[in-house]
Structures are given as structure tokens and as C-alpha cells.
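Asker: Here it is, the structure, as C-alpha cells.
Below you can see the structure in the form of C-alpha cells.
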């Protein structure tokens with residue numbers, strides 16, 4: 081597996097929008113994008129006119145960076161969405177939102193999706209009482225995601241969980257004191273915090 085070592089804030093500057101890759105820092109005045117709104121390697125000024133291909137490519141890359149996926153993974157999600165009975169773009173976003181690492185992040189049980197992936201990979205998380213160490217695991221309506229009993233006793237992990245998590249979407253319900261979250265329904269496009277023009281992603285792969 082290739083490892084992405086590029087600075088996260090550079091990705092936000094390249095896309096010209098916040099990708100929320102650094103947790104709470106993205107919501108604070110410390111976010112580099114608020115100070116340097118131009119792409120890395122440039123000194124400001126307006127961008128040259130973009131072609132339709134570049135516009136679609138950047139939208140696809142933006143989505144990939146937000147959810148922390150490699151190109152092959154992202155393409156597989158697109159193909160799976162294309163086979164569904166739903167509108168392809170909406171089906172794609174729903175699949176991405178249902179990833180276990182994303183659910184942990186949305187619930188406030190992890191500060192970022194990167195951190196959520198680490199928690200899952202290191203065996204701290206279970207779904208419906210069963211240990212899951214695959215960040216791409218897709219949750220279903222009715223699932224309960226929680227820290228293992230042994231992990232929930234560790235002070236370092238307990239400090240990750242916010243007592244009153246903000247920005248929790250309505251399709252999940254969080255119990256911070258128990259370090260768990262319940263999936264109430266399927267995610268909807270309206271509940272997604274990041275602004276993505278999924279039609280451009282569909283057009284990119286359909287060209």
C-alpha cells in the first residue's frame with residue numbers, strides 16, 4: 081500500500097477549500113487556508129482558466145483527499161455506486177459516509193479520519209460487539225460502533241472523545257460517556273458537511 085506523506089494543509093490549499101483533514105484545527109484561525117488561500121508553490125494572484133477536464137479531476141481529487149482513499153479504492157466505490165439503483169453521485173457519497181473510519185470521525189470519537197483509521201487498525205473498535213480492524217467496513221442501519229471495553233479504560237483514548245461532540249449528523253446518535261455511537265439510518269447527501277459537486281466526479285469517470 082502506498083503511503084501518502086504530503087502535508088495535509090497543502091492538499092486543502094491545492095483544492096482551494098477546506099478538506100477537514102486536521103480535525104479541530106480546520107475550524108480555528110490556525111488553519112493555513114485562511115492565511116494562504118492560494119495553491120502551494122504560488123505567491124498569490126488569480127489562477128489561470130481551468131479546462132473542464134481539470135475541473136472534474138480536481139473535484140475527484142478533493143473527494144479522495146477528504147475520505148483518505150487511494151485512486152483504486154475510490155474508483156471501486158464509483159463502480160459499485162454505478163451498479164446501484166440510486167443516482168450514481170448520491171450512492172457514491174452514501175458509501176463513503178458509511179465507512180467505519182468516517183462514522184468514528186463524524187461521531188466525534190476521533191479527531192480526524194486519519195486518527196479514526198489508526199484506532200480501527202490498532203484493534204480498539206468493535207461493531208455490534210464484534211472486533212473490526214478494517215477502516216473501510218461499511219456500517220448498516222441499526223449498527224452500534226464502540227470502543228472495546230479494554231480500550232475504553234485507557235485514559236489516553238478517553239481524552240479523544242468529546243463530552244459534547246459538535247457537528248454530529250442526524251443519522252447517527254452518540255453516547256460520549258459510553259464511547260459509542262448508533263447508526264439510526266442511512267446517511268443523506270444533505271447531511272454531509274463538505275461541499276462536493278458529485279456530478280463532476282461522475283462526469284470525470286464517464287468521459
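Residue numbers (this note's numbering): 81 to 287.
We put the beta carbon where it would ideally sit given N, CA and C, even for glycine.
What do you reckon, are the CB atoms on residue 237 and residue 205 nearer than 8 Å?
Answerer: It is not a contact, given that the beta carbons lie outside the stated cut-off.
Asker: Does DSSP classify residue 214 as helix, strand or coil?
Answerer: The answer is coil: DSSP assigns residue 214 none of H, G, I, E or B.
Asker: Examine the Cβ distances between the segment 168-187 and the segment 253-268 and report whether three or more of them are shorter than 8 Å.
Answerer: Because the criterion of three Cβ pairs below 8 Å is met, the segment 168-187 and the segment 253-268 touch.
Asker: Does the segment 242-260 come within contact of the segment 132-147, defined as at least 3 CB pairs closer than 8 Å?
Answerer: No, the segment 242-260 is not in contact with the segment 132-147.
Asker: According to DSSP, is residue 260 part of a helix, a strand, or is it coil?
Answerer: Three-state result, residue 260: strand.
Asker: Taking C-alpha atoms, which residue in 235, 136, 164 lies nearest to residue 277?
Answerer: The shortest C-alpha separation from residue 277 is found at 136.
Asker: Who pairs with residue 252 in a beta bridge, going by DSSP?
Answerer: Residue 252 is bridged to 263.
Asker: Which partner residues of residue 206 appear in the DSSP bridge assignment?
Answerer: In the DSSP output, where bridge partners are listed per residue, residue 206 has 211, 226.
Asker: On the three-state DSSP scale, how would you describe residue 129?
Answerer: In the structure shown, residue 129 sits in coil (DSSP, three-state: anything other than H, G, I, E or B).
Asker: Please state whether DSSP places residue 163 in a helix, a strand or coil.
Answerer: Correct three-state label for residue 163: coil.
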